[in-house]
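**Q**
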Amino acid sequence: MAFKKKQISAENALMRLETLCACSEHCSYELTEKLRGWNVPFSEWDSILDKLARARYYDDARFAAAFVRDKLLYNRWGRRRIMLGLRAKRISSDIISDALAEIDEEEYEEVLRATVASKARSIKEGNTFEGRGKLFRSIVSRGFEPDLVGRIIRDDEIWGE
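Here the numbering used here = 1-based position in the sequence shown + 5.
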């Protein structure tokens, strides 16, 4: 016997989404997923989202800018992983490229250097071929560009030498 969620009214869904959006940034995809989970009739979705957008409760460009800033500074993700995260949220390519263009290059490299230095300390092989390979793969998997990672890994300051 499958449990079927109770359907909520469009007015109740609107109030819930207003509260949700007032607490933190959300994109249109996340809001539609909430509506789907609450079994709100599909015919009501556009009017609910339109009311929220007109009241500026959500804005995909604003969400993308906050997502880029947070993922870079707190999660230490690179551009590539941030882009994939935004694509998973169904943000348009134009908005993604605008949000990524806002990244300050000096700040980006500073975050990358700090991430590389932190990870380098935990690699027991040290500044050897194997150690550099492990470090390279680890940092590239966080979404940083391989050429930039390679250049920084070759810097002896990273290894504390």
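All C-beta atoms in this analysis are idealised placements derived from N, C-alpha and C, irrespective of residue type, glycine included.
Do C32 and Y63 have their CB atoms nearer than 8 Å?
**A** yes
**Q** Helix, strand or coil, according to DSSP, for R81 in the structure here?
**A** coil
**Q** Whole angstroms is fine: what's the gap from A122's alpha carbon to I163's?
**A** 5 Å
**Q** Going by beta carbon distance, what residues of the same chain come within less than 6 Å of G83, once the five residues before and after it are set aside?
**A** R147, G148 and F149
**Q** Check I100 in the structure and name its three-state DSSP category.
**A** helix
**Q** Report back the beta-carbon spacing between R137 and I108 to the nearest angstrom; my notes put them in contact at under 8 Å.
**A** Incorrect: roughly 26 Å between the Cβ atoms, too far for contact.
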